[in-house]
Every structure is written in structure tokens, then in C-alpha cells.
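Numbering (the numbering used here), first residue to last: 12 to 286.
Where is the CB? At the ideal position from N, CA and C, for every residue including glycine.
Let me begin by presenting the structure, written as C-alpha cells, before commenting on it.
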Amino acid sequence: AKYALATANKLIDVYGSDGVKAMKVKNHNHRFVVNSFHGHAHNRHCQLQFHMLYQQGLGIEDLETCERVFSGSNAVAPVIRHVLYFHWLQFIDLHFDQWDQDRYQELSQFMYQNYKQALDIINNLTPVIEELKTQLKITDTDFEHWNIEELEYLQHLSIEQEYDPQKIVYVEALQSLTKAEYAFHNIRFLSADKVSGLSAHDKLLLAMNVVSDLERQLSIETWWTVNDTEYKQASAYLTNQQFIRAVEQLEGLVVQRLFELAKANLAGTGTCTIR
């Protein structure tokens, strides 16, 4: 936290107000944004608010300068791995000194190429966008509204339907008790292993005690069954919650893997075998 604050303070001193770095710094109109590396696998709520794709004034900048700098410095690691501390500092200093000289020589070409790329994007894509706007009957304002509407939609989804969590725990306890009863009866009648029978019996008693304790807390006089309305409602809520969490986790893993393959230039190199 201190490093980030010190960096923000230095940037404000050097470049002044009205900059983009992070969340708003009071009286200087500075704010943090996330770089393009977080484009796909990052939290969507954060993207819609802080991703550079949705920020005005950043142009085609990807904010990955540090990523490139430290990636380039990795080449020094094999050379200095076993050297003394003095030579370790010496090689690092030489590397970044050469890095600065190389980048300074390429600065004019870099700015020229970026400017050229920006003009190409404007000249080539503006007619296409205008044609699509006419076909779809939309305006520039709609683009901004879509971003806001998506954020509001996701924020609404993140608010779960209010439901008594103790009732969810009670239904889970009933389900665990059913499984424990089934396991105990199977071992009792189908197995002669006394150790397994005692273990299953202990699990059954534990499950019964948990259910009884929850019934006292919830003032439940009659044991809920699968046909009871409250049991069905709690069970449906629990199933839906587990399904949503599983889908979100799967989606995150798939997108993260695809993004990793894209960064490594391996996307689309897999094979599909049909048998």
C-alpha cells in the first residue's frame, strides 16, 4: 500500500493533475484503471468501471509498460543468478541503462507508428461504425448506455435473493442425514466389517445431533420431509445457488485458460479426435 501511494504521489508531482493511474486521488482528479492484461479473465464488474477499454482519453494505450520492462529484464536472470551482490546490482544497472538508451532511440518511431495506427483505425472503422449505426438505428449515446446497463444488470445479479441461511443449513443437514442413514444400513446388512459399521454409526449419530440442534434453533417441531413446501423451497434455492457457483467457476477457468493460450500464441493449436 505504501509503495502504491508513493508512486501515485511521485506521478502527481511530476505530471500534475488530471491524470489516469488509479482510483481518484482527492484534489488531483487522478484515478486507477486496470491494464489490458486483465481484459478477459478479470472480474467483469471491475472491467466495466475501470478497464481502459471503457475509459475516455487513453486511446490505443494498453498500459503494459511495466510488463514489457520486467519481461525484458528476465534475460538478465541466468547471468546474475550465482554472482555476488555487487555484480548483481552492476548487471541490473547496465541492463536498464541500455534499455533506456534503446528506447530513447526508438521513441520517435514509436510515437509515429502509434499516431499512424490511430489514424488508420479512425479512417477505416469510422465508415463501418456509421453504417452499422444506421442499420441498427443506434446512436453514440447508446454505446455508453449499454455499458451502464450491463453494470447495473450484473450488480443486480450479485444481490442474492434473501433467504434464511439457517434453513439452508438445516436442509443440508437433512440431506447429510439421509446419506448417513443409507450408508449405515448398507454396511449393516451387506458388510461384516465391524470397523466400517462403527464408523458409519458414529457418522449417523453426528448427523442426527446436527439436525436436532438446528431444529431447536429454528423452533421446528415436525421433521421436514422432501414433500414439505419449506423443504422444497430451501432445496431449490440451494440447488440453484450451487449450480450458479459451479457455472461461474467453470466459466472463469475456461476463459482464463483461453486467455493464457492466447498470450502464449497457442490458441487454436489443439487437436480434436473423433472416435
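| Check | Outcome |
| --- | --- |
| Given a cut-off of 8 Å on the beta-carbon distance, is the pair GLU141 and LEU59 in contact? | no |
| Determine the direct distance from the alpha carbon of ARG256 to that of VAL265, and round the result to whole angstroms. | 14 Å |
| Taking the alpha helix (DSSP H) that GLY208 belongs to, which residues open and close that run? | 205–229 |
| In terms of DSSP beta bridges, what is HIS62 paired with? | VAL45 |
| Applying the criterion that 16 or more other CB atoms from any shown protein chain within 10 Å of the CB defines a buried residue, is ILE159 buried or exposed? | exposed |
| With burial defined as no fewer than 16 other Cβ atoms inside 10 Å of the residue's Cβ, what is the status of LYS148: buried or exposed? | exposed |
| Rounded to the nearest angstrom, what separates ALA17 and ILE133 at their Cα positions? | 37 Å |
| According to DSSP, is VAL94 helix, strand or coil? | coil |
| Going by the beta-carbon positions, is the gap between HIS56 and VAL45 smaller than 8 Å? | no |
| Contact between the stretch 234–251 and the stretch 181–200: three or more CB pairs below 8 Å? | yes |
| Nearest to LEU229 by CA position, among ASP24, ALA191, PHE254, PRO176, is which residue? | PRO176 |
| Do ALA211 and ILE198 count as a contact pair if the criterion is CB distance below 8 Å? | yes |
| Give me, in chain order, the residues of the same chain whose beta-carbon lies closer than 6 Å to that of ALA191; leave out the 5 immediate sequence neighbours on both sides. | LYS214, LEU215, ALA218 |
| Please check the pair PHE102 and VAL90, which I expect to be a contact at CB under 8 Å, by giving their CB distance rounded to whole angstroms. | 6 Å |
| Taking all protein chains shown into account, decide if ALA245 is buried (16 or more other Cβ within 10 angstroms of its Cβ) or exposed. | buried |
| Return the first residue and the last residue of the alpha helix (DSSP H) that VAL80 is part of. | 76–84 |
| For VAL87, does the three-state DSSP call read helix, strand or coil? | helix |
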